[in-house]
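In this note's numbering, the protein residues as written are 2 to 244.
For every residue, glycine included, the Cβ atom is placed at its ideal position computed from N, Cα and C.
Remember, it's a predicted structure, so these values are computed and weren't measured experimentally.
To start, the structure itself, in structure tokens.
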Amino acid sequence: MIPDDHPRFRSLVIRERLAECAKKGIVAWEGLIAHGRGEAFDYLIGERTTRSALLAERTAAALLMTARHPVISVNGNTAALAAHEISELQKACGACVEVNLFHRTEGRVEMIENLLRDFGVDVFIGEAERLLPLSHDRAWCRRNGMFSADVVLVPLEDGDRCETLVNMGKTVIAIDLNPLSRTARSATLTIVDEVTRALPQITHACLGLSDSEIENLISFIDNNYLLSEAIREMTARLPDALD
Ligand code: ATP
Ligand code: MG
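The structure is reproduced here in structure tokens:
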């Protein structure tokens, strides 16, 4: 039982949810470690959506709304933390939702697909093939899904697949709290924000952006600026941390 007046209530509830999903096999044990790294960076940005992250979220919405074939790639951590938020975003932008795992087994893929369906996601299924030029199992995807996407949203991605997708000519939107990761640096657009805060902001923007706002956001994409702003926000907070 986590008391709801605990100062770290939200973080503890999220950890409990991830641990529960790890016991069921939805989240990989390694996913718990990845979450810990994310939490550390979230502390540094003050566990809030920064101004530059909001700009990135609005830009992500603009890219998804104008995509020919947008795909949201979901792994175990994302499904455990944000199945409802994925469902809402899919309704707003019409993207395919496809499961893609580093620690892949058919059983895990099925469990994650079922979890997403329980939250109302229309999951893209079909025969997966080893289509991406990667030596690990993130290479598996569907020819009519991720493989032929023009815009891919990758929450909590691995750096080498992100680079591969970019090298294939895709527009890649990453959600990653670490602005120094290979994922953050190789994506077309990086949202340095926690996944459960980022997704509802993207959905909100999908429902509200005008055509001219979409055009403006897309013409000013500058990932280096977004990453350096994220680092600036983190370092600017440090001198006051002990006040
Ligand atoms: P890369 O392969 O890109 O260099 P990495 O190997 O350091 O990254 P991974 O284990 O591949 O990291 O992926 C975990 C990433 O996801 C970390 O960078 C972490 O900051 C981020 N992350 C973890 N949990 C969350 C979350 N809830 N919201 C947003 N980002 C998160
Ligand atoms: Mg990695």
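- For T79, the enclosing alpha helix (DSSP H) begins and ends at G77 to C94.
- Between the beta-carbon of A54 and that of D194 there is about 4 Å, and that keeps the pair under the 8 Å contact cut.
- At a threshold of 7 Å, D138 does not count as near the ligand ATP, since its beta carbon sits no closer than that to any of the ligand's heavy atoms.
- In this structure, E234 has its CB at a distance of at least 7 Å from all heavy atoms of the ligand ATP.
- Rounded to the nearest angstrom, the gap between the Cα atoms of P71 and R16 is 30 Å.
- Counting along the chain, A129 sits inside no beta strand (DSSP E), nor does DSSP assign it H or E at all.
- Using a C-beta cut-off of 8 Å, the region 220–234 makes contact with the region 54–67, since at least three inter-stretch Cβ pairs fall below that distance.
- Here G47 has R238 as same chain residues with Cβ atoms under 7 Å from its own Cβ, once five neighbours each way along the sequence are excluded.
- Remark: fewer than three beta-carbon pairs, one from each stretch, lie closer than 8 Å, so the region 160–174 and the region 75–86 are not flagged as touching.
- Membership of I176 in the beta strand (DSSP E) is indicated by the continuous run T172 to I176.
- Bridge pairing for W30: absent [DSSP].
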